[in-house]
Each structure stands twice: as C-alpha cells, then as structure tokens.
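Chemist:
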Amino acid sequence: MGKGPIHSKSMGEGSPLWPSNAGLVRFYKGCLTFNVLYTALVEFDPFDSDDNINYLQFFVKAKRYPCCFPRSSNTSGNLHGHCNWVGITCDELGSVIHINLNGCSLRGENNITGSIPHEIGQLKTIKELDLYDNYLSGSIPSSIGNLRSLTALSLFYNNLIGSIPLEMNNLTDLETLQFSANFLSGNISKEFGIYPRLDYMDLSNNKFVGKLTGNWSQYHNLTMLNISNNKISGRLPPELGKAAQLHKLDLSSNLTVMHFLIGNLQTLRGLDLSHNFLTGELPMELGYLRMLEMLNLSHNNFTGSVPSTFKDMLSLTSVDMSNNQLRGPLPSNKAFTMARMGNNKGFCGNNTGLKPCPTPKNGKSHGLVILVTVSVFGTLGLLFMIIVGIVFCCKHIERNVEEPTETQNETFFSICNHDGKKVHEEIVNATENFSSKYCIGVGGYGSVYKALLPTGQVVAVKKFHENGGEASKKAFTSEISVLTIARHRNIIKLYGYCSHARHSFLVYEFIEKGSLANMLCDKVRAIGLEWSKRVNIVKAHLADFGTGRPLVHEPSSSDWGSFAGTFGYSAPELAYSTPANEKCDVYSFGVITLEVIMGKHPGDLISSMLTSSLPENFHQILLKDVLDQRLLPPKNQIAQEVVSIAMLAFACLLRIPESRPYMKQVSQKLSTSIPSSSIPLFTMSLAQILHAQHV
Numbered sequence: 121m122g123k124g125p126i127h128s129k130s131m132g133e134g135s136p137l138w139p140s141n142a143g144l145v146r147f148y149k150g151c152l153t154f155n156v157l158y159t160a161l162v163e164f165d166p167f168d169s170d171d172n173i174n175y176l177q178f179f180v181k182a183k184r185y186p187c188c189f190p191r192s193s194n195t196s197g198n199l200h201g202h203c204n205w206v207g208i209t210c211d212e213l214g215s216v217i218h219i220n221l222n223g224c225s226l227r228g229e230n231n232i233t234g235s236i237p238h239e240i241g242q243l244k245t246i247k248e249l250d251l252y253d254n255y256l257s258g259s260i261p262s263s264i265g266n267l268r269s270l271t272a273l274s275l276f277y278n279n280l281i282g283s284i285p286l287e288m289n290n291l292t293d294l295e296t297l298q299f300s301a302n303f304l305s306g307n308i309s310k311e312f313g314i315y316p317r318l319d320y321m322d323l324s325n326n327k328f329v330g331k332l333t334g335n336w337s338q339y340h341n342l343t344m345l346n347i348s349n350n351k352i353s354g355r356l357p358p359e360l361g362k363a364a365q366l367h368k369l370d371l372s373s374n375l376t377v378m379h380f381l382i383g384n385l386q387t388l389r390g391l392d393l394s395h396n397f398l399t400g401e402l403p404m405e406l407g408y409l410r411m412l413e414m415l416n417l418s419h420n421n422f423t424g425s426v427p428s429t430f431k432d433m434l435s436l437t438s439v440d441m442s443n444n445q446l447r448g449p450l451p452s453n454k455a456f457t458m459a460r461m462g463n464n465k466g467f468c469g470n471n472t473g474l475k476p477c478p479t480p481k482n483g484k485s486h487g488l489v490i491l492v493t494v495s496v497f498g499t500l501g502l503l504f505m506i507i508v509g510i511v512f513c514c515k516h517i518e519r520n521v522e523e524p525t526e527t528q529n530e531t532f533f534s535i536c537n538h539d540g541k542k543v544h545e546e547i548v549n550a551t552e553n554f555s556s557k558y559c560i561g562v563g564g565y566g567s568v569y570k571a572l573l574p575t576g577q578v579v580a581v582k583k584f585h586e587n588g589g590e591a592s593k594k595a596f597t598s599e600i601s602v603l604t605i606a607r608h609r610n611i612i613k614l615y616g617y618c619s620h621a622r623h624s625f626l627v628y629e630f631i632e633k634g635s636l637a638n639m640l641c642d643k644v645r646a647i648g649l650e651w652s653k654r655v656n657i658v659k660a661h662l663a664d665f666g667t668g669r670p671l672v673h674e675p676s677s678s679d680w681g682s683f684a685g686t687f688g689y690s691a692p693e694l695a696y697s698t699p700a701n702e703k704c705d706v707y708s709f710g711v712i713t714l715e716v717i718m719g720k721h722p723g724d725l726i727s728s729m730l731t732s733s734l735p736e737n738f739h740q741i742l743l744k745d746v747l748d749q750r751l752l753p754p755k756n757q758i759a760q761e762v763v764s765i766a767m768l769a770f771a772c773l774l775r776i777p778e779s780r781p782y783m784k785q786v787s788q789k790l791s792t793s794i795p796s797s798s799i800p801l802f803t804m805s806l807a808q809i810l811h812a813q814h815v
C-alpha cells in the first residue's frame, strides 16, 4: 500500500488522469498522506498540551517515519515529550506553537474514523490538506474557510455528508479540489463558490443537485473537471465554453441537456457526456476538437448522422456512441473502426460487422438531381408563400397603427414597418454581434439574446445556430409561418425576422420577468410564487412556440420525425421518430405543471413512471413531500386545487399517448370548480394519485 499522494499541480506520471468506466478516480487504498504539510509552517495560539497531543494523533500515526521520532531518546526528564519530536516547537509551558514537517513525506495506513474537527480551522497557513481514503464521516466544518492559504484540498473516498460550507468561498487560492466518492449534497449552483485559480476539480459520485451557472466562465485555469454521477440538471451554460484550458471534462450520469460552445475547448483530450438527456443532432463543432483522444456520448438521445467534421479528429483513440438514435455513414478514422456504436438506428462504413455504405449508381444519381431540384423549387415556393403572408400581415399592422381605436393602446413594432437593414444593424450592435454576455437562454435550435434598441425598446432575439442543417431551416420557416398568423394574448408576439447568409434570427416581445425556470431556481423569487399564483401559472405566456419540431407535415420529408427539442420536457415517443401530435404537447404540459408545484424538474419521478407502470416506492412517497419545500404546505381550497393539478399532471404523463387526456379536457378540468378529495393532502401518496382518473 502507500503508493504515494496526489499532489496539487502535478497531474503527471503516477497521478489519476481520468476516471475508469465506473466513473471513479484510481484511489490509493488505505494511504493517508502527510507530505501535504511539506510547505506548511503552522502557527497555533497556545492551548492545553493534552489537546496538542490529540491534534498530533489526528495528523500523525505512521511512527515509522523519522519525523515522528523524538530528537532525543532521553525524554524521561521532560514532561512534554511531544516537544522533542522533529519539526515540533513548543513554548515554555509545553504548548505547540509551530509545526514544520517540510519534506517528511509522512504516510501510513490510518483508516481514520470520526468527523473532521472544527479546530482544523486553526491551521491558518497550511498549503495542502489531504485526508482522502479514510472513514471520515459527518459534514465538512465551516471553519475550513479559515484556511485561506490552502491550495489543495483532497477529501475524496470518505463518508462525508451535507453540503459544501459557504465559508469555503474564502479559499480563493485553491488550485486542486477533490471531493469525489462521498455522500455530499446540496445545490451546486448556490453553494459552490468561485475559485479563479482552480486547476483540478473532482466532485463526482456525490448527490449534488442544481445546475451549472455562468460563473464557470471565471475558471480560466481549469484543466480537469469531473462532476459525473450526480443529479446536475438543466442546460449546460454557454460560459463553460470559455474554460479554454480544459483537458478532461466528465459530465456523465447527470440530468443535463446542452448547447454550449464546446468547439472552443481546443485543448480538450477527454470528453464524457454519457448517460444524460442530450438530444438533437451531434454538434458539428465537436469535430473541431482536434486534440481529443477519448469521446463518450453513449446512452443519450442523439439523432441524425455523425457530422463530416469528425473525420478530422485524428487524435481519437476511444469512441463510444452506443445507445442513441444515430444512423448513416461513419468516418474512416481508426478510432471509429473500433468504436462502440451498438443500439443505434443503423450505421454503414468500415467498422467490423457493418455493411459498407451504398454507392449511388449513375441512373439513380439523375433521379436524385431531379428530386433535389424539385425539393429546392418546392422550398422556394413555400418561402414565397410565407413572404406574401408576412407582407399581408405587415400591411394589416400598418393599418392598425395608422387607425388606432380606443381599446388599442399597444405599441406595434415590426421589422416590416422599418428599414430592415437598419434594424438588423441595430440588433447586431445592441448584442455586440451576439456576445454571450447578452445571452439569456439556449434552446435546441438557437440562443436567445436580450437587445436594447436605440428607441429604448427591449426585445428578445432568437438567433438560430449556425450550420444547423436542414432541421434548423425547417424550424425557422415553420415558426415564421405559424406566428405570423397566430394571435393570442398568451402567445409571445413575433415582431419580425431576419434571414441572412451569416445568421438567421427572430425578434420577439421581451418578457421582463424572464422564464419560469429561472424564477423557480431563485429562492427569493420562488418563495414569492405562493400556491395561489402557482395554481394560476398555466395562464402565463407561452414561449419557444414551434421550434421543438416542424409544425407543418411535409409528406415528402423523411426528417418529419426528427426532433431537437428539450429532452426532459418532450414526450418519450418523439425520440423514436413518432410523428408529433397533440398528445405530445399534453405530455409537455404535464412536465411543466409538475415543475411548477415541485419547484424543480421532476426528472426522477418521470424516469420511474417510464420504467414501471406503478413504481413500488410510489406507495411510500406522499404528495406533500414532493411539493416545493420552500413554501408552507397549501391549505383548504388551495390544497384541493394543488391535488387536482397534480392528478392532471400525472394523467398527462402516462406512457401510452392514447391514455393521456386531450388538452381540451385538461382545460375544461382547470376551468371547473375543484371537487373535494376524499383523501387529505397530507396522507395522499403518489400511488393513489396515479390510480385516480380525474380527466
């Protein structure tokens, strides 16, 4: 045993480079390292000598090393024998005032139990602290925030519980942080601080929840990030793409969805995004990671084919894209000939066991040219019809603006009513050419920016992803065609659009209070959403209308079933090329409804429902325990309404689409008075809700 410690800033030979398939760092079993103190000269305030001995016993147990032996074997005349140890300095009363174990390389098999003492906060000049591979329990003491000189903190492979203390935000000199393989919990977006010098971070195999925030743009020195095997959810922030020094990135086994600027991570050598809720086509910019050696995208819901840019990833040695919905030709890279690609829709190429890709014959190629030509003219015809419709709509708006009525106090704005080129320039300038600092959201097909125009009007600009392919073009034209004729007080207004060679975007009404997801993630704002408001939240504005899938069925399109919406909100059947229908929207309504009353995405509940007709643990889980715990439990009539809404939500989430209600039925149910339930809220289980048929 005792193969050596993990040092800060020394991730070379003999150090753990990347998690194994099980997602765990290679641990050095039974070895508590003491050379973490080799740079430390620790000052104590004088205190009782018995406590000193306890301190030393906590840090020093391997007495076969020279630093642990007395300077002199004759200690019979000294009442304070510990003062004779090498590196220990005492005052005249025998209290330890200095410890200097520089270069001692102390190590041993300790198996330390108990909790980390609060007094550890007195080691104020310590540089590195390694307590990994022990049996430490309890929580991390808040006093650890006093160790402001700390550059490396390793507590992995213990039994620690609780959240990361907020006082750790004081440790701004941290370069290495390893908390993996514990039972730590808490909201990572609220409790994890900013450590600008951080180089190596491993929080894997814990119980952290929440989502990654924009603070990650400040980790300029980060080379290794592992937060696998937690319950991190939501979209990966675009700011993560600014961690340009990353070599290893492991976000596997979480609940995340993405679009972030992954193509900026040019130094990345290992990327693991497996076992998440990633959907849509594989980002083309993945192919720009020319230094990438290991790529794992397995167990997601990616669709489409492998982008042609992947053929230039010559450094790849290991690829796993199994258990997705991918199809088509594979690159000829050596890594792809040995890649794990099972449980997909069908590949062709040079891989062992794959059929070679078919070579089109000349006769068929002429037919293909004709088909493409017809498709192009058909698309142009469709665009012409859309443009005519928009011009008609704009003329109608102009007449309304010129002849306002007493009831028409809204200010209409449309790119149609202005110099289109000028407005385009204003939007580009207002967002500084779509800088990430103006980005307020990322979707399956594009990013949303906040733009302040010279007129003082604030608009939301949805910019479609570049190189988004045919699916993105369909989403763009589909959303225009629907929203130019859709008029409803709960649908966000479309002001105009821009189709440009460099970028395409839509201009929307800006909703000042932001999205529901952001409000629920903010504790103060979420508490302000009391139960009566949440009951009425279904009347809120509808956003992102129509970009999740094409809205007009084109029989000639083979991509009709493709989907690039937000996995976790979309009906599961859409992942299997099922044509979208009303029951898919009903499912999405159920997810959002549960999120409103739970205060978070109901990912775990939904997963349980999709794997079993009636999960066994639903008999033990009470409805009151899954409601948002930041609010006091609802009472009286509001409680009955919450119960009814929960029943509706679960009915909308049934696995078989035909078993779900129609939206009209849901609307009628919400509009009628709520009958009293025979089972009180405080005793109603999730199993009882699933058994109830309230639609």
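So the sequence shown is numbered by the working numbering: it starts at 121 and just counts up by one.
Each residue gets a CB set at the ideal place from its N, CA and C atoms; glycine is no exception.
Everything numeric in this text was worked out from a predicted model, so none of it was measured.
(1) Kindly provide the ranges of any beta strand (DSSP E) runs that are 3 or more residues long and lie completely inside the stretch 402 to 460, ordered along the chain.
(2) Excluding the 5 residues preceding and the 5 following PRO261 in the sequence, name in chain order all residues of the same chain whose CB lies nearer than 6 Å to its CB.
(3) Tell me whether SER727 sits in a helix, a strand or coil according to DSSP, three-state version.
(4) Contact between the stretch 713 to 723 and the stretch 615 to 627 is defined here as three or more beta-carbon pairs at a separation below 8 Å; is this criterion met?
(5) Considering only their Cβ atoms, is the gap separating ASN254 from ASN220 smaller than 8 Å?
(6) Under 8 Å between the Cβ atoms of LEU251 and LEU213?
(7) What residues in its chain sit with their C-beta under 8 Å from that of HIS367, if we drop five residues either side in the sequence?
(8) For ILE219, name the three-state secondary structure that DSSP assigns.
(9) Indicate the three-state DSSP secondary structure (helix, strand or coil) for LEU640 in the structure shown.
(10) According to DSSP, is THR209 helix, strand or coil?
(11) Is the beta carbon of THR803 less than 8 Å from the beta carbon of LEU768?
(12) Here's a check: name, in chain order, each residue in its chain whose Cβ is nearer than 7 Å to the Cβ of ALA455, leaving out the five neighbours to either side.
(13) With a CB to CB cut of under 6 Å and the five nearest residues on each side skipped, what residues in its chain are close to VAL706?
(14) Out of ASP642, GLN808 and VAL543, which one is the CA nearest neighbour of GLY819?
(15) Under a Cβ-count criterion, where at least 16 other Cβ atoms within 10 Å of its own Cβ denotes burial, should ASP319 be classed as buried or exposed?
(16) Look at the alpha carbon of CYS203 and the alpha carbon of HIS340, and state the distance between them as a whole number of angstroms.
(17) Give the DSSP-derived three-state secondary structure of GLU239 in the structure shown.
(18) Within its chain, find whatever has a CB closer than 7 Å to the CB of ASN463; leave out the 5 residues flanking it on each side and keep chain order.
(19) Taking LEU249 as the reference, give the member of THR209, THR233, SER305 and LEU294 with the closest Cα.
(20) Taking the straight line between their C-alpha atoms, what separation do you get for LYS755 and SER708?
(21) Where does GLU248 sit, in a helix, a strand or coil, going by DSSP?
(22) Can the beta-carbon of THR296 be found less than 8 Å from the beta-carbon of ALA272?
(23) For the alpha helix (DSSP H) containing ILE712, name the first residue and the last one.
(24) Run through DSSP, which three-state label would LYS613 get?
(25) With a threshold of 16 other CB atoms inside 10 Å of the CB of HIS673, please say whether the residue is buried or exposed.
(26) What did DSSP end up calling VAL162 once you bin it into helix, strand or coil?
(27) Measure the alpha-carbon distance for PHE303 versus GLY407 and round it to whole angstroms.
(28) Tell me, to the nearest whole angstrom, how far the beta carbon of ILE765 is from that of ILE726; I am working on the premise that it is less than 8 Å.
(29) Entirely within the stretch 741 to 783 and at least 4 residues each: give me those alpha helix (DSSP H) ranges in chain order.
(30) What residue range does the beta strand (DSSP E) around ARG355 cover?
(31) Classify GLY824 as helix, strand or coil using the three-state DSSP reduction.
(32) Measure the Cβ-Cβ separation of PHE299 and ASN326 and say whether it is below 8 Å.
(33) Just to confirm my understanding: we take LEU774, look at its own chain, exclude 5 residues before and 5 after, and list those with CB closer than 6 Å. What are they?
(34) Between GLY561, GLU546, ASN638 and ASN421, which lies nearest to PHE584 when the distance is taken from Cα to Cα?
(35) State the DSSP-derived secondary structure class of PHE738, mapped to helix, strand or coil.
Modeler: Looking at the coordinates:
(1) 414 to 416, 421 to 424, 438 to 440 and 445 to 449
(2) Taking the sequence shown and counting its residues from 1, the one referred to as residue 261 is at position 141. So the list reads ILE236 and HIS238, once near-sequence residues are dropped.
(3) The sequence position of residue 727 within the sequence shown is 607, counting from 1. Helix, per DSSP.
(4) no
(5) Walking along the sequence shown from the start, residue 220 turns up at place 100. Walking along the sequence shown from the start, residue 254 turns up at place 134. Not a contact, by the Cβ cut-off of 8 Å.
(6) Walking along the sequence shown from the start, residue 251 turns up at place 131. Walking along the sequence shown from the start, residue 213 turns up at place 93. Contact: no.
(7) Indexing the sequence shown from 1 puts residue 367 at position 247. Within the same chain, HIS367 has close Cβ partners THR343, MET344, THR387, LEU388, ARG389 and GLY390.
(8) For the purposes of this step, residue 219 is taken as residue 99 along the sequence shown, with counting starting at 1. Three-state DSSP puts ILE219 in a strand.
(9) By 1-based counting over the sequence shown, the position of residue 640 is 520. Three-state DSSP puts LEU640 in a helix.
(10) Position 89 of the sequence shown, counted from the first residue, corresponds to residue 209. Strand.
(11) One-based indexing of the sequence shown puts residue 803 at position 683. One-based indexing of the sequence shown puts residue 768 at position 648. Going by C-beta atoms, THR803 is not nearer than 8 Å to LEU768.
(12) For the purposes of this step, residue 455 is taken as the residue at position 335 of the sequence shown. The answer, listed in chain order, is LEU436, THR437, SER438 and VAL439.
(13) Your numbering for residue 706 matches position 586 in the sequence shown. Only CYS772, ARG780 and MET783 meet the Cβ criterion.
(14) The requested residue 819 does not occur in the structure, where the chain is confined to residues 121 to 815.
(15) As a first step, residue 319 is located in the sequence shown; it is residue number 199 there, counting from the start. Buried is the call here.
(16) For the purposes of this step, residue 203 is taken as the residue at position 83 of the sequence shown. For the purposes of this step, residue 340 is taken as the residue at position 220 of the sequence shown. C-alpha separation (whole angstroms): 44 Å.
(17) To locate residue 239, count along the sequence shown from 1; it is residue 119. Here GLU239 sits in helix by DSSP.
(18) Residue numbering aside, residue 463 sits at position 343 when the sequence shown is read from its first letter. The answer, listed in chain order, is SER442 and ASN443.
(19) To locate residue 249, count along the sequence shown from 1; it is residue 129. Of the candidates THR209, THR233, SER305 and LEU294, the one whose C-alpha sits nearest the C-alpha of LEU249 is LEU294.
(20) Residue numbering aside, residue 755 sits at position 635 when the sequence shown is read from its first letter. Residue numbering aside, residue 708 sits at position 588 when the sequence shown is read from its first letter. Taking the straight line from one Cα to the other gives about 27 Å.
(21) Numbered from 1 along the sequence shown, position 128 holds the residue referred to as residue 248. Of the three classes helix, strand and coil, the one that applies to GLU248 here is strand, per DSSP.
(22) Along the sequence shown, one-based indexing puts residue 296 at 176. Along the sequence shown, one-based indexing puts residue 272 at 152. Closer than 8 Å, so yes.
(23) Along the sequence shown, one-based indexing puts residue 712 at 592. Counting along the chain, the alpha helix (DSSP H) containing ILE712 begins and ends at 702 to 718.
(24) In the sequence shown, residue 613 corresponds to position 493, counting from 1. LYS613 falls in the coil class under three-state DSSP.
(25) Counted from its first residue, the sequence shown places residue 673 at position 553. Confidence at HIS673 is low in this model, with a pLDDT of 38, below 50, so its placement is unreliable and the value that follows should be read with caution. By the neighbour-count rule (16 or more Cβ atoms within 10 Å), HIS673 is not buried but exposed.
(26) For the purposes of this step, residue 162 is taken as the residue at position 42 of the sequence shown. Confidence is the limiting factor: at VAL162 the pLDDT is only 38, short of 50, which leaves the residue's position unreliable and the question unanswerable from this model.
(27) Counting from 1 along the sequence shown, the entry for residue 303 is found at position 183. Counting from 1 along the sequence shown, the entry for residue 407 is found at position 287. Near 36 Å, if we compare the C-alpha coordinates of GLY407 and PHE303.
(28) Position 645 of the sequence shown, counting from 1, holds the residue named residue 765. Position 606 of the sequence shown, counting from 1, holds the residue named residue 726. With 8 Å as the limit, ILE765 and ILE726 do not qualify as a contact, their Cβ atoms being about 16 Å apart.
(29) 743 to 746 and 756 to 772
(30) Counting from one through the sequence shown, the residue named residue 355 turns up at place 235. That run of the beta strand (DSSP E) goes 353 to 356.
(31) Since the first residue shown for the chain is 121 and the last is 815, residue 824 is missing from the structure and cannot be characterised.
(32) Residue numbering aside, residue 299 sits at position 179 when the sequence shown is read from its first letter. Residue numbering aside, residue 326 sits at position 206 when the sequence shown is read from its first letter. Against a cut-off of 8 Å, the Cβ pair of ASN326 and PHE299 comes out as a contact.
(33) Locating residue 774 in the sequence shown gives position 654, counting from the first residue. Hits under 6 Å: ARG780.
(34) As a first step, residue 584 is located in the sequence shown; it is residue number 464 there, counting from the start. Here the closest residue by C-alpha is GLY561.
(35) The residue labelled residue 738 in the question sits at position 618 within the sequence shown. Looking at PHE738 - three-state DSSP - the assignment turns out to be helix.
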